[in-house]
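Below is one structure, written out as structure tokens; the observations come after it.
Protein chains: 4
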Amino acid sequence: MARPKSEHKRNAILSAAAGVIAEQGGSATTARIAKEARVAEGTLFTYFANKDDLLNQLYLELKAGLRNAMLHGYPLDASLRERAWHAWNAYLDWAIAHPAERRALARLTLSERVTEASRKAGNDGFAPISAALQEAAALGKLRDHPVPFVGAIMNSLAETTMDFVAHYPAEAGRYRTAGFEAFWSAIAGG
Amino acid sequence: MARPKSEHKRNAILSAAAGVIAEQGGSATTARIAKEARVAEGTLFTYFANKDDLLNQLYLELKAGLRNAMLHGYPLDASLRERAWHAWNAYLDWAIAHPAERRALARLTLSERVTEASRKAGNDGFAPISAALQEAAALGKLRDHPVPFVGAIMNSLAETTMDFVAHYPAEAGRYRTAGFEAFWSAIAGG
Amino acid sequence: MARPKSEHKRNAILSAAAGVIAEQGGSATTARIAKEARVAEGTLFTYFANKDDLLNQLYLELKAGLRNAMLHGYPLDASLRERAWHAWNAYLDWAIAHPAERRALARLTLSERVTEASRKAGNDGFAPISAALQEAAALGKLRDHPVPFVGAIMNSLAETTMDFVAHYPAEAGRYRTAGFEAFWSAIAGG
Amino acid sequence: MARPKSEHKRNAILSAAAGVIAEQGGSATTARIAKEARVAEGTLFTYFANKDDLLNQLYLELKAGLRNAMLHGYPLDASLRERAWHAWNAYLDWAIAHPAERRALARLTLSERVTEASRKAGNDGFAPISAALQEAAALGKLRDHPVPFVGAIMNSLAETTMDFVAHYPAEAGRYRTAGFEAFWSAIAGG
DNA sequence: TATGAATGAGCGTTCATTCAT
DNA sequence: AATGAATGAACGCTCATTCAT
Chain A
0 MARPKSEHKR
10 NAILSAAAGV
20 IAEQGGSATT
30 ARIAKEARVA
40 EGTLFTYFAN
50 KDDLLNQLYL
60 ELKAGLRNAM
70 LHGYPLDASL
80 RERAWHAWNA
90 YLDWAIAHPA
100 ERRALARLTL
110 SERVTEASRK
120 AGNDGFAPIS
130 AALQEAAALG
140 KLRDHPVPFV
150 GAIMNSLAET
160 TMDFVAHYPA
170 EAGRYRTAGF
180 EAFWSAIAGG
Chain B
0 MARPKSEHKR
10 NAILSAAAGV
20 IAEQGGSATT
30 ARIAKEARVA
40 EGTLFTYFAN
50 KDDLLNQLYL
60 ELKAGLRNAM
70 LHGYPLDASL
80 RERAWHAWNA
90 YLDWAIAHPA
100 ERRALARLTL
110 SERVTEASRK
120 AGNDGFAPIS
130 AALQEAAALG
140 KLRDHPVPFV
150 GAIMNSLAET
160 TMDFVAHYPA
170 EAGRYRTAGF
180 EAFWSAIAGG
Chain C
0 MARPKSEHKR
10 NAILSAAAGV
20 IAEQGGSATT
30 ARIAKEARVA
40 EGTLFTYFAN
50 KDDLLNQLYL
60 ELKAGLRNAM
70 LHGYPLDASL
80 RERAWHAWNA
90 YLDWAIAHPA
100 ERRALARLTL
110 SERVTEASRK
120 AGNDGFAPIS
130 AALQEAAALG
140 KLRDHPVPFV
150 GAIMNSLAET
160 TMDFVAHYPA
170 EAGRYRTAGF
180 EAFWSAIAGG
Chain D
0 MARPKSEHKR
10 NAILSAAAGV
20 IAEQGGSATT
30 ARIAKEARVA
40 EGTLFTYFAN
50 KDDLLNQLYL
60 ELKAGLRNAM
70 LHGYPLDASL
80 RERAWHAWNA
90 YLDWAIAHPA
100 ERRALARLTL
110 SERVTEASRK
120 AGNDGFAPIS
130 AALQEAAALG
140 KLRDHPVPFV
150 GAIMNSLAET
160 TMDFVAHYPA
170 EAGRYRTAGF
180 EAFWSAIAGG
């Protein structure tokens with residue numbers, strides 16, 4: 000093969016896209032992304048069929064990165080609260096370490112251009128966390144909340160917490176704990 | 000430009016904008032909005048200096064509408080929980096009655112085109128609710144959470160609840176209560 | 000109405016398109032056409048939905064112009080030969096007077112982008128000439144040739160004649176006559 | 000570039016080009032041609048300096064192929080009419096046997112990218128046929144037509160005939176004869 | 001020499017904004 | 001003030017050509 004398609008270049012484009020989307024949101028252009036990735040405009044299209052494809056692949060990549068972060072070291076056998084605490088922290092750690100990725104993911108999640116199929120695929124692999132919630136529900140530990148509702152609550156409280164952590168880094172620890180307490184109080188009981 | 004002739008026309012444009020943004024998100028064009036408002040393309044620009052101005056004014060208008068809904072009949076002298084319950088229900092009622100507005104507001108809140116100034120101005124007028132939270136905090140009834148954090152938690156849980164209400168209208172009542180319980184548990188105590 | 004869409008501008012674009020296509024063929028760009036028409040690039044698209052639409056409308060317009068030229072003064076009651084002679088001359092006169100249009104029409108006729116529907120519509124209105132051929136065939140004056148074949152022969156000989164007239168303007172008259180004689184000999188008889 | 004390694008590969012590219020141009024006309028891309036020739040995109044440019052060069056060489060190649068077909072078995076000593084009949088049939092046989100080549104040649108003949116020099120060179124080698132026409136003219140057998148005009152008439156009538164043969168294969172024989180009769184009547188006489 | 005990824009000028013088209021009416 | 005045609009910068013994307021392998 001002449002010059003093989005380089006995983007490095009693909010990642011550079013995805014990474015540049017995350018940065019530009021985090022910064023500019025809906026007005027991120029392919030020209031800007033290519034420039035940021037130090038790649039010709041046309042090159043972007045040898046790695047991604049079109050802009051929507053890039054957006055969807057980026058969404059998937061970000062979801063996968065987050066999942067890896069959350070599931071790395073996940074204490075399968077610990078108590079429910081400990082597992083929740085692990086997931087909570089892993090999420091915050093990832094978000095703190097990857098602010099652009101986090102912002103880009105938030106924007107993509109709300110974009111009309113990310114397909115339903117991508118959303119579904121992106122949520123695969125979060126199975127262990129879902130499983131924990133299912134188990135908790137079965138044990139009657141989740142008040143009366145439907146499982147997906149609890150998942151959504153966790154998500155939205157974590158996002159909110161993350162907003163404060165990002166805004167007040169000096170009090171990151173405090174918000175991290177407070178957010179978790181709020182979450183745990185919100186769902187546990189029964 | 001400063002004093003448009005017809006308040007009716009201005010409202011038609013704002014209302015059309017809410018509808019189109021709710022539906023199309025980032026790809027809403029001024030041409031489409033004007034058409035929906037039954038107004039010429041150019042007319043839009045005698046009421047709003049440019050698209051960003053329209054977006055920011057719409058954001059403000061939606062925030063004001065929501066505030067009016069939440070504060071109408073607000074029981075200033077009731078218990079903290081009752082006041083929270085009132086606000087909670089008022090929010091959900093507004094969102095159910097104005098789905099396009101709600102969706103547009105959610106999208107604008109995340110848009111890079113709504114300025115910090117607009118966001119600040121938009122949160123003015125929610126003072127009575129903030130006041131209640133302040134009071135609660137002073138009484139030590141809010142665990143240890145900073146007041147703005149509690150406000151944000153309320154907001155994000157209400158949004159999450161609203162998503163489920165919209166998705167499963169048959170179980171609206173259940174989610175309405177469950178969401179409030181989650182919220183109240185999350186923040187009350189101490 | 001603010002500024003009505005002007006027939007003049009539409010014609011300027013069509014005329015510019017004919018000129019540029021005659022000159023550049025397949026590599027005629029919308030930018031070049033707009034420039035030649037002294038119109039902004041975007042304006043072209045307020046008169047024509049897209050480039051293909053422009054091409055098809057131009058084809059139709061050129062066909063209509065040619066038809067008008069050929070049918071103007073057409074001697075419905077003259078002899079067959081006289082009617083053929085009239086059509087022959089009218090075609091050559093039009094082609095000589097409108098060299099760019101003629102060349103553009105030739106190119107469009109061969110383009111993949113002119114639809115079957117346009118071709119069909121373009122041939123409507125040449126009915127009187129077709130009728131003459133039908134009549135001649137009925138009278139057994141066309142040797143044994145099928146009518147459409149005779150029409151095609153006339154067309155191709157006229158085109159060939161026109162090529163020579165264009166190339167050797169000094170001998171235009173000679174080719175005009177010689178071409179017609181060739182045509183008439185080719186089809187008449189029986 | 001001047002001495003490509005493989006004549007086979009050069010032919011594969013030319014042949015693929017004929018096919019793609021016949022099919023797609025002006026929108027034939029070098030990428031598509033290379034793919035069809037089972038050759039890398041870059042390889043095309045080691046055999047041809049650029050796309051225009053490929054087009055011109057293809058034109059020449061097609062002309063040469065047609066010439067070979069027409070001159071093979073050409074009855075130098077037969078009567079004028081017999082020689083014309085031979086050429087006529089040879090052309091139709093070639094066109095029927097090589098539809099893509101014929102179509103590509105027709106398109107290239109009209110393309111602005113085939114140079115005057117190529118056209119001239121392409122017509123060399125049809126000398127024997129020209130010679131026959133010259134001879135006939137000298138003998139006063141060609142009415143009064145200039146020789147090149149007669150050649151062009153033959154060409155355009157053969158093309159027209161070919162269009163009908165391609166469209167109505169069941170009546171190929173009839174059109175073949177009728178076309179020739181039309182041609183012969185058009186030019187012979189005196 | 002052959003490969004195919006890389007390049008970037010240039011394409012057709014959109015759209016926020018201006019301006020003649 | 002209202003209209004909508006006119007504008008042209010900017011977009012996503014294509015493709016002939018180059019060049020590292």
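Residue numbers (numbering that gives the first Met the number 0), protein chains in the order written: chain A, 0 to 189; chain B, 0 to 189; chain C, 0 to 189; chain D, 0 to 189. By construction, the Cβ of each residue, glycine as well, lies at the ideal position given by its N, Cα and C atoms. The model shown is predicted, which means the values in this text are computed figures rather than measured ones.
Given residue i as reference, the closest of the options once Cα atoms are compared
{"i": "K50(A)", "options": "Y90(A), R37(A), T114(A) and R102(A)", "result": "T114(A)"}
{"i": "F163(C)", "options": "E35(D), G72(D), A33(D) and I152(D)", "result": "I152(D)"}
{"i": "A105(B)", "options": "Q133(B), W84(B) and L61(B)", "result": "L61(B)"}
{"i": "N88(A)", "options": "R112(A), K4(A) and G178(A)", "result": "G178(A)"}
{"i": "L59(D)", "options": "E81(D), A187(D) and D123(D)", "result": "D123(D)"}
{"i": "A171(A)", "options": "T160(A), A181(A) and E180(A)", "result": "T160(A)"}
{"i": "N67(C)", "options": "L141(C), P127(C) and L138(C)", "result": "P127(C)"}
{"i": "A120(C)", "options": "A99(C), A63(C) and Q133(C)", "result": "A63(C)"}
{"i": "K140(C)", "options": "R173(C), R80(C), K4(C) and L65(C)", "result": "R80(C)"}
{"i": "P98(D)", "options": "S129(D), L65(D), R173(D) and F182(D)", "result": "L65(D)"}
Range covered by the alpha helix (DSSP H) that runs through residue i
{"i": "F182(A)", "result": "A171 to I186"}
{"i": "L79(B)", "result": "L79 to A96"}
{"i": "S5(C)", "result": "Where S5(C) is concerned, there is no enclosing alpha helix (DSSP H), given that its DSSP letter is neither H nor E."}
{"i": "S129(B)", "result": "A126 to A137"}
{"i": "R220(B)", "result": "There is simply no residue 220(B) to check, as chain B begins at 0 and stops at 189 in what is shown."}
{"i": "A68(B)", "result": "K50 to L70"}
{"i": "R118(C)", "result": "E115 to N122"}
{"i": "Y73(B)", "result": "Counting along the chain, Y73(B) falls outside any alpha helix (DSSP H), and DSSP gives it neither H nor E."}
{"i": "T160(D)", "result": "V146 to H166"}
Beta-carbon separation (whole angstroms), residue i vs residue j, contact threshold 8 Å
{"i": "A33(B)", "j": "T42(B)", "result": "7 Å"}
{"i": "A16(B)", "j": "L57(B)", "result": "5 Å"}
{"i": "S155(A)", "j": "S155(B)", "result": "4 Å"}
{"i": "A263(C)", "j": "V19(C)", "result": "A question about residue 263(C) goes unanswered here, because the residues of chain C that appear run from 0 up to 189."}
{"i": "E35(C)", "j": "G25(D)", "result": "Contact flag wrong, Cβ pair sits at about 20 Å."}
{"i": "R142(C)", "j": "E100(D)", "result": "In fact, because the Cβ distance is near 31 Å, the residues do not count as touching under 8 Å."}
Cβ-based burial, residue i [other Cβ within 10 Å; buried from 16]
{"i": "R37(A)", "result": "exposed"}
{"i": "R175(B)", "result": "buried"}
{"i": "E6(D)", "result": "exposed"}
{"i": "H166(D)", "result": "exposed"}
{"i": "S78(A)", "result": "exposed"}
{"i": "H144(C)", "result": "buried"}
{"i": "A169(D)", "result": "exposed"}
{"i": "L75(A)", "result": "exposed"}
{"i": "L53(D)", "result": "buried"}
{"i": "L138(D)", "result": "exposed"}
Closer than 6 Å: residue i CB and nearest the ligand SAM heavy atom
{"i": "P74(A)", "result": "This structure lacks the ligand SAM, and indeed carries no ligand of any kind."}
Proximity below 7 Å, CB of residue i to CB of residue j
{"i": "M69(D)", "j": "A86(D)", "result": "yes"}
{"i": "A136(C)", "j": "R82(C)", "result": "no"}
{"i": "S117(B)", "j": "N55(B)", "result": "yes"}
{"i": "A157(B)", "j": "Y73(B)", "result": "no"}
{"i": "V146(C)", "j": "I186(C)", "result": "no"}
{"i": "A1(C)", "j": "A103(C)", "result": "no"}
{"i": "L107(C)", "j": "L109(D)", "result": "no"}
{"i": "A30(A)", "j": "E40(A)", "result": "yes"}
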